[in-house]
Each structure stands twice: as structure tokens, then as C-alpha cells.
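**Student:** Sending over a structure as C-alpha cells; questions will come in a sec.
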Amino acid sequence: MNRNLYQPIDCEIVDIIDESPTIKSFVVVPEEKISFQTGQFVELTLPGVGEAPFTPSSSPADTEKMEITIVKAGRVTNLLHQCKKEQKVGIRGPFGNGYPIDDFVGKQIYIVGGGVGLAPIRSLFLTLVDRIKDFKSVVCRFGAKTPDDFIYKKTLFGSWQKIAGVNMKLTVDEADGEWKGNVGVVTTILAAKDVDIKNAVAVVCGPPIMMKFTTLKLLEFGFAAKDIYLSMEKNMSCGVGKCGHCMIGKYYVCKDGPVFTYEQIEQYPDIFD
Amino acid sequence: METVFISELKPLLDAIAEQMELYIPKKSGEYYVYIKYDPSSEKSVEFNNIRTCTPIKEFLFPLCELAAIFPEPAEPEEIKPFAVFGLKDCDLRSIEILDKVFLEDEFEDLFYVARREKMFIISSDCFEPGESCCCTLFGGRSYAEKGFDLNLAKVKNGFIVEAGSDKGKEFLQEHKDIFVEVPPEALAERDSIRTQTQKQLEENNVEYKLDAPVNEIMENSPDSDVFDIESQKCVECQACTRVCPTCHCFYLYDTKQKDYFAKMKMWDSCMRLAYAEVAGGANPRKVLGARIKHRLMHKFSFFFDRYGIDMCVGCGRCIDADSHKMDIRVVLKKLNEELKDKPKAKVAK
Chain A
998 MNRNLYQPID CEIVDIIDES PTIKSFVVVP EEKISFQTGQ FVELTLPGVG
1048 EAPFTPSSSP ADTEKMEITI VKAGRVTNLL HQCKKEQKVG IRGPFGNGYP
1098 IDDFVGKQIY IVGGGVGLAP IRSLFLTLVD RIKDFKSVVC RFGAKTPDDF
1148 IYKKTLFGSW QKIAGVNMKL TVDEADGEWK GNVGVVTTIL AAKDVDIKNA
1198 VAVVCGPPIM MKFTTLKLLE FGFAAKDIYL SMEKNMSCGV GKCGHCMIGK
1248 YYVCKDGPVF TYEQIEQYPD IFD
Chain B
33 METVFISELK PLLDAIAEQM ELYIPKKSGE YYVYIKYDPS SEKSVEFNNI
83 RTCTPIKEFL FPLCELAAIF PEPAEPEEIK PFAVFGLKDC DLRSIEILDK
133 VFLEDEFEDL FYVARREKMF IISSDCFEPG ESCCCTLFGG RSYAEKGFDL
183 NLAKVKNGFI VEAGSDKGKE FLQEHKDIFV EVPPEALAER DSIRTQTQKQ
233 LEENNVEYKL DAPVNEIMEN SPDSDVFDIE SQKCVECQAC TRVCPTCHCF
283 YLYDTKQKDY FAKMKMWDSC MRLAYAEVAG GANPRKVLGA RIKHRLMHKF
333 SFFFDRYGID MCVGCGRCID ADSHKMDIRV VLKKLNEELK DKPKAKVAK
């Protein structure tokens, strides 16, 4: 008999990391192993309160625990932020597709991320870095509102910058005194000269408005719509293509996504709304 | 022994009710609703001419049900066999549609499976179709050919009972003493009623007949004003989606009980403003017209694309339920007329 689709697996919160004033990462240990592919998402239940979809930010290679980065955005996430270590939560999933990593082999991977959109990107990044020699290069262009709003600061400002094969640039909308990098929205650090357009794929994850303008810019650079991978955020609830909340046109984001190429969804006028 | 005859309905229903709970249609005002059959109090049983006003999905996918318990896992409750009498061809087709969604291999909904396996389906032929009945526009008929355990057709002197499944055949075998052989003239009478009813349905809906397949009409109308214009009549009561036997959107929510936490599964409606809203406030269908369009696109394009059948059976329940008489037939006909006047637009799915 199949398992009950709606029953979460019990998990314990073993660590909580303050990432930014509104973002925390929760390290959870599931009672039974949950294997996932980078880019797939899970439904995290706060028992008695509610459930919300998140893409794990940890590497799928770490099968003992899972990290989930959560921005305070609504009722469930506000209450999740009040959780303490050792508290029990539930996880359903993983759901949907992941990034087609094997299709990226030999290519330049041009990753554009913004805000809490760096969460799925971190999982992807760690996966790519594990086999960095398989790819031509990994170009990262990340943005946040202020330097303090960057998540994963320690690695982002430190070790990640030094990995051979990784080219990283950061930007903030508003700088503070110590910021020496670029100031401006993320599209201001995208440049055609950094792109090996004949042999590149792009991955975009961030707030809808950022995804929209980034996609337009990438098209301008000459990216084909089929080579732009967008991690879509809709109201995924059941996770298995039944409840209907996350539909974009004919697609269930939960089952057919959350990763789509722009080619798949460009015909729908409301994808970035 | 696959087709038999019985002169009265009650002995048949009593025999079913001896084995399991039985639900029958009963007239309430101008519509039929389902009630539990009580052999001792029901002196005579009504043979519904058309479908009930409430949808059959209630028996398979209840308005609200427990979906998970925390921390102890919830298994689907033990469902006892039950029977439902008076389903029409449109109802059987609606079950076929729900089966596609909830019995899907990899993502089987155990709660649906539990009920579906235990449901004994007794369908019946339609006669004197209602004003809103429009199955013939959507590939349906006034009588069922598959999807039932037993099917009944009313003729002058009684009822022709046909088995459509092993369960149905077994039932007829076990109760052969209450049935007799079908009188030779009865089958001809049944066929004549079927033809007559089918003709009646087609005549009633002649003005709504479309000039192209409905999917094509929907897919070629992405920018039509019809949805916004029709939305002016809509009061967002969501009744259309509640009574629709194929609408299956649901909402998962968590509750605190005395000594456990529960995840509940409840019907939802894509006509609701916040239905597709995400935590940050983004909402792809803020405008009512966009929600009406999405609902019809889901029914006539998206579902077809995925499962190869339309998600509408033409039962007309939404037409009856709409307080402002928004009529799905009229909406589609308006789109049909619009397309006649313009060259084919880009197909958008």
C-alpha cells in the first residue's frame, strides 16, 4: 500500500541559525531518511499551526539532516521563527522536480539569486561544487537589500569566494559604511561579457520582480528561453498535483516544477505576479 | 444472468440495504438530494428523473476529513461498504474524472481509495431532462453504459436491472429470487425512452451547440473580455465549485485537538480571492474574471491536456446553483461567437 500523502515525517529541530533580521535557518533531523534532489521542495508542518513549502538549502548529499531557510512572511513562518531547538516539526516530500544537474555538465552555470532566493541556490551551489570539474564554470550574481540581509554570510563572504571554478559577485540595494562591493539591484551586476552564451545555462531564484527583470536581461544577453531555469514560488499545498492552488496554466508547480524553464511558462502572463 | 427485471423498486433496495448502508435520492423542493435509506420508513421510493443537486463527490471525497495526525500517523478510517442509488451517466463520468486525480499511480490518495473500493454504484437512466441538463454538449448521454455495478431503467411495468461489474453480477446471482426475466417488449421500450430522452436533451441545448471542440474554443480565447463581463454577475459565493461533481480543489489546514494535532483536508474553491495567494501577498489571479477564466481553462484545456478527458460532464448543477444564473453554456457560446468573427488566435494552454 502507498503511504498517506498527507502524513508528515516527524523531525526534530537541532539547530537554529539567525541569518538576517527576518531570516532564520533551521537544521532538522527527520526520524526517517528523506532523500531529495537539489531544487525539489518539502512541506514543513508546524503541528497544530500550519504548513508551508520550502526548498531545502542543504546539500542532498547530507542525508542525516536537512536545512531549511525561512523568511518571516506570513502566519506560519512567523510562528516557525518562534520555534526553539528540540521542538518537533513535520516534513512531507520531497515534491516536484529538481535542477537537471546532469544536463548542466560541461556548461557554464550562470546563477542569479536575490534575498531568500539564495536558499535553494545554496543547495544547488553545494551540489555543483561537489563536482565542480564537471562544469565549465559557476558564475554567481547575488543580491540583497542591505549587507545585513545577505544570508549564509560566513560562507558567502568567505570560503565560497575562493573556490576554484567559481566566479562570484555580490550587490546590495543599499550599502552601509563597511560595504565595499557594488550598490544597485542584481541586474546591475549582470554583464554579457561574463557569459559564455554558446555554452551556458542560467538559474534564477529570488523575489518575483527580481526574477522578471533578470529573465528579461538574460534574454537580452542571448540566452534561449529553454536555457533559463526559474524556481517558481506559488501556493503549493498538497505537493502532489491535486489541490490546485499552485497552478500556472496547465502546470502544477508542485509536481511539474518548481523548476521550470522560461520556455515552458513564458506564455502565461501572470507568472511573476 | 446480466439483465433482469423487477416490477417494484422497494424489494431491490431492501435487499441492498440488508447488506450495506444505502443512500437514495429524495425530492427536496424542486431538486433531489441524497438521504440514507430506511427500509422501515420509506414506503415508496422515488425514481429520480435526473441527477441530484448535490454532487456525488461527497461520497468519495467528503467536504472535510482528517488527513493526518501528529505525532501518530493517521490511517484512513475503516470504511464499511455502502451503496448509492440513482446516479446518472454524468455522475459516473464525474467519478471517472475524480479517479484520474485521486487514483493516480504514484500519488494515490488513500482516503479516496478506501471509499471508492467500498462504494456500490446503482445508476439509472434519465428521463424528462432538466432545463440545465446539458450532458450531450459534453459527450454525455441520458443513460450509462459503464462505470456502474447495477443500472436501472424504468419502463411501464417495472425496472430493467443490468449488471455492469462482477460485484453487480454477484448481487443479481445472490438475489435471483426477487427478479424475473426481462419481458421481451421491455427492452424495446427502454431503448425508445433512451432515444427520446437523448433527443430531448439535444433539442434543449441546440442553441448552445458549439462550432468547434470546447478545448479549441477555450485555448483560442486567452484575451477575451467575456470572462470579465460575466464576472460582473458573479457574487463569488463559490456555489458553482461546491456543487460541481468534478471540481476537486482542496485545502489542507492544521488544528489543535485536545491531545493531538490534526491535518484536515477540506474542499476549497479556485473562485476564492486568496486561493492562489502566497505568503508574501503575490496573487496571480486577483481579478475575478481571471479566476473564472482559470476555472474554465482547467475544465476544458488543462485537464484534457493531462488526462485526455474534459473536466466537465454537463450535469448543469453549476447553472442551477448560480444565484445570478451565470450559465456555463452561455459563456462558452459567447466565446464561440467571438471566435467566429476573428482569425484564429495563438493557441495558449
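Protein chains in written order, with my numbering: chain A, 998 to 1270; chain B, 33 to 381.
C-beta: ideal position from N, C-alpha, C; glycine also.
Thinking just about the alpha-carbon of each residue, which of Cys1240/A, Leu1041/A and Tyr1107/A is nearest to the one in Phe1025/A?
**Tutor:** Along the first sequence, read from residue 1 onward, the residue named residue 1025/A stands at position 28. Here residue 1025/A turns out to be Val, not Phe, going by the sequence shown. Nearest option by C-alpha distance: Leu1041/A.
**Student:** So the candidates are Thr1060/A, Asn1001/A and Ile1186/A; which of them puts its Cα closest to the Cα of Arg1089/A?
**Tutor:** The count along the first sequence starts at 1 and reaches residue 1089/A at position 92. The option with the nearest alpha carbon to Arg1089/A is Asn1001/A.
**Student:** With distance defined between alpha-carbon atoms, name the residue in Ser156/B, Ala322/B, Leu135/B and Phe203/B nearest to Ala146/B.
**Tutor:** As a working note, residue 146/B is residue 114 in the second sequence. Per the Cα distances, Leu135/B.
**Student:** If distances are taken between C-alpha atoms only, which option among Leu92/B, Phe143/B, Ser156/B and Ser73/B comes closest to Phe79/B?
**Tutor:** If you number the second sequence from 1, residue 79/B lands on position 47. Closest by alpha carbon: Ser156/B.
**Student:** With DSSP as the reference, label Met250/B as helix, strand or coil.
**Tutor:** Sequence index remark: in the second sequence, residue 250/B carries index 218 (1-based). Met250/B falls in the helix class under three-state DSSP.
**Student:** Using DSSP with H/G/I as helix, E/B as strand and the rest coil, what is Thr1185/A?
**Tutor:** Mapped onto the first sequence, residue 1185/A falls at position 188. The answer is helix: DSSP assigns Thr1185/A an H, G or I state.
**Student:** Interface residues of chain A around Asp337/B at Cβ under 9 Å?
**Tutor:** Start at 1 with the first residue of the second sequence, and residue 337/B comes out as number 305. Those within 9 Å of Asp337/B in chain A are Lys1247.
**Student:** Against chain A, with Cβ distances strictly below 8 Å, would Ala246/B count as a contact?
**Tutor:** By 1-based counting over the second sequence, the position of residue 246/B is 214. Per the sequence presented here, residue 246/B reads as Val, with Ala not at that position. Not closer than 8 Å to any Cβ of chain A, the Cβ of Val246/B fails to qualify, so no.
**Student:** What does Arg317/B touch in chain A if you count any residue whose Cβ is under 8 Å from its own?
**Tutor:** Translated into positions along the second sequence, residue 317/B becomes position 285. Those are Asp1267, listed as they occur along chain A.
**Student:** Could you give the distance in angstroms between the alpha-carbon of Leu1043/A and the alpha-carbon of Val1086/A?
**Tutor:** Your numbering for residue 1043/A matches position 46 in the first sequence. Your numbering for residue 1086/A matches position 89 in the first sequence. Their backbone Cα atoms lie some 5 Å apart in a straight line.
**Student:** Note down, in chain order, each residue of its chain lying with its Cβ closer than 6 Å to the Cβ of Val187/B, except the 5 sequence neighbours on either side.
**Tutor:** Stepping through the second sequence from its first residue, residue 187/B is reached at position 155. Contacts found: Ala218, Glu221 and Arg222.
**Student:** Mapping DSSP to helix, strand and coil, what is Gly389/B?
**Tutor:** Here chain B covers residues 33 to 381 and nothing more, so residue 389/B does not appear.
**Student:** Is there a Cβ from chain B that is less than 8 Å from the Cβ of Glu1048/A?
**Tutor:** Sequence index remark: in the first sequence, residue 1048/A carries index 51 (1-based). Glu1048/A counts as touching chain B.
**Student:** Does the structure place the stretch 1237–1250 of chain A close enough to the stretch 1118–1126 of chain A that three or more beta carbon pairs sit under 8 Å?
**Tutor:** no
**Student:** Within this structure, are the beta carbons of Asn237/B and Thr168/B separated by less than 8 Å?
**Tutor:** For the purposes of this step, residue 237/B is taken as residue 205 along the second sequence, with counting starting at 1. For the purposes of this step, residue 168/B is taken as residue 136 along the second sequence, with counting starting at 1. Yes; because the gap between Cβ atoms is below 8 Å, this pair is in contact.
**Student:** Which stretch, first to last residue, makes up the alpha helix (DSSP H) that contains Phe1122/A?
**Tutor:** One-based indexing of the first sequence puts residue 1122/A at position 125. First-last of the alpha helix (DSSP H) with Phe1122/A: Leu1115 to Asp1127.
**Student:** Nearest to Ile48/B by alpha carbon, out of Cys276/B, Lys199/B and Lys297/B?
**Tutor:** As a position in the second sequence, residue 48/B is number 16, starting the count at 1. Of the candidates Cys276/B, Lys199/B and Lys297/B, the one whose C-alpha sits nearest the C-alpha of Ile48/B is Lys199/B.
**Student:** Which residues mark the beginning and the end of the alpha helix (DSSP H) in which Tyr66/B is found?
**Tutor:** As a working mapping, residue 66/B is identified with position 34 in the second sequence. It is not in any alpha helix (DSSP H) - Tyr66/B instead sits in the beta strand (DSSP E) that spans Tyr63 to Lys68.
**Student:** With distances taken from CA atoms, which of Met1165/A, Leu1121/A, Phe1132/A and Lys1133/A is nearest Phe1139/A?
**Tutor:** Numbered from its first residue, the first sequence carries residue 1139/A at position 142. The residue with the shortest Cα to Cα distance from Phe1139/A is Met1165/A.
**Student:** Is the Cβ of Leu1002/A closer than 8 Å to any Cβ of chain B?
**Tutor:** By 1-based counting over the first sequence, the position of residue 1002/A is 5. Yes, Leu1002/A counts as interfacial toward chain B.
**Student:** Which partner residues of Asn1196/A appear in the DSSP bridge assignment?
**Tutor:** For the purposes of this step, residue 1196/A is taken as the residue at position 199 of the first sequence. For Asn1196/A, which the question treats as bridged, DSSP gives no partner whatsoever.
**Student:** Under the rule that 16 or more other beta-carbon atoms within 10 Å means buried, what is Ala306/B, buried or exposed?
**Tutor:** Translated into the one-based positions of the second sequence, residue 306/B becomes position 274. Its Cβ having fewer than 16 others within 10 Å, Ala306/B is exposed.
**Student:** Give me the residue from Glu40/B, Lys288/B and Ser256/B with the minimum Cα distance to Lys366/B.
**Tutor:** Stepping through the second sequence from its first residue, residue 366/B is reached at position 334. Comparing Cα positions, the closest option is Ser256/B.
**Student:** With 8 Å set as the bound, which would you pick, yes or no: does the beta-carbon of Asn999/A sit closer than that to a beta-carbon of chain B?
**Tutor:** Residue numbering aside, residue 999/A sits at position 2 when the first sequence is read from its first letter. Asn999/A counts as touching chain B.
**Student:** For Pro1005/A, go through chain B and note every residue whose CB falls closer than 8 Å to its CB, in chain order.
**Tutor:** The residue given as residue 1005/A occupies position 8 in the first sequence. Ordered by position in chain B, the residues that pass the 8 Å Cβ test against Pro1005/A are Ala100, Phe102 and Lys295.
**Student:** Helix, strand or coil for Gly1090/A per DSSP?
**Tutor:** Taking the first sequence and counting its residues from 1, one reaches residue 1090/A at position 93. In this structure, Gly1090/A counts as strand in the three-state DSSP scheme.
**Student:** Quick one, which residues of the stretch 1175–1209 of chain A are near chain B if we go by CB-CB under 8 Å, in chain order?
**Tutor:** Pro1204 and Pro1205
**Student:** Residues of chain A with CB closer than 8 Å to the CB of Glu251/B, please, in chain order.
**Tutor:** Within the second sequence, numbered from 1, the residue matching residue 251/B stands at position 219. In chain A, no part has a C-beta under 8 Å from the C-beta of Glu251/B; the shortest such distance is about 10 Å.
**Student:** Could you check if Gln228/B is buried or exposed, using at least 16 other CB atoms within 10 Å of its CB as the buried criterion?
**Tutor:** One-based indexing of the second sequence puts residue 228/B at position 196. Exposed.
**Student:** Going straight from the alpha carbon of Gly1162/A to that of Asp1131/A, what length do you get?
**Tutor:** Mapped onto the first sequence, residue 1162/A falls at position 165. Mapped onto the first sequence, residue 1131/A falls at position 134. Between the C-alpha atoms of Gly1162/A and Asp1131/A there is a straight-line separation of about 10 Å.
**Student:** According to the Cβ coordinates, are Val1183/A and Thr1152/A closer than 8 Å?
**Tutor:** Taking the first sequence and counting its residues from 1, one reaches residue 1183/A at position 186. Taking the first sequence and counting its residues from 1, one reaches residue 1152/A at position 155. Not closer than 8 Å, so no.
**Student:** Counting only the same chain and skipping the five closest in sequence on each side, list residues whose C-beta sits under 8 Å from that of Pro161/B.
**Tutor:** As a working mapping, residue 161/B is identified with position 129 in the second sequence. Cβ within range, chain order: Asn81, Ile82, Ser174, Thr229, Gln232, Leu233 and Asn236.
**Student:** Report the start-end ranges of each beta strand (DSSP E) in the stretch 253–290 of chain B that is 3 residues or longer and not cut off at the edges.
**Tutor:** If only complete runs of 3 or more residues are kept, the stretch 253–290 of chain B shows the beta strand (DSSP E) at 282–288, in order along the chain.
**Student:** Using C-beta distances below 8 Å, list every residue in its chain close to Leu95/B, excluding the 5 sequence neighbours before and after it, in chain order.
**Tutor:** Taking the first residue of the second sequence as position 1, residue 95/B is located at position 63. So the qualifying residues of the chain are Met298 and Trp299.
**Student:** With 16 as the cutoff for other CB atoms within 10 Å, does Leu182/B come out buried or exposed?
**Tutor:** Start at 1 with the first residue of the second sequence, and residue 182/B comes out as number 150. Per the 10 Å Cβ criterion, buried.
**Student:** Counting along the chain, where does the beta strand (DSSP E) carrying Phe1038/A start and finish?
**Tutor:** Residue numbering aside, residue 1038/A sits at position 41 when the first sequence is read from its first letter. Phe1038 to Leu1043 is the span of the beta strand (DSSP E), which, as asked, contains Phe1038/A.
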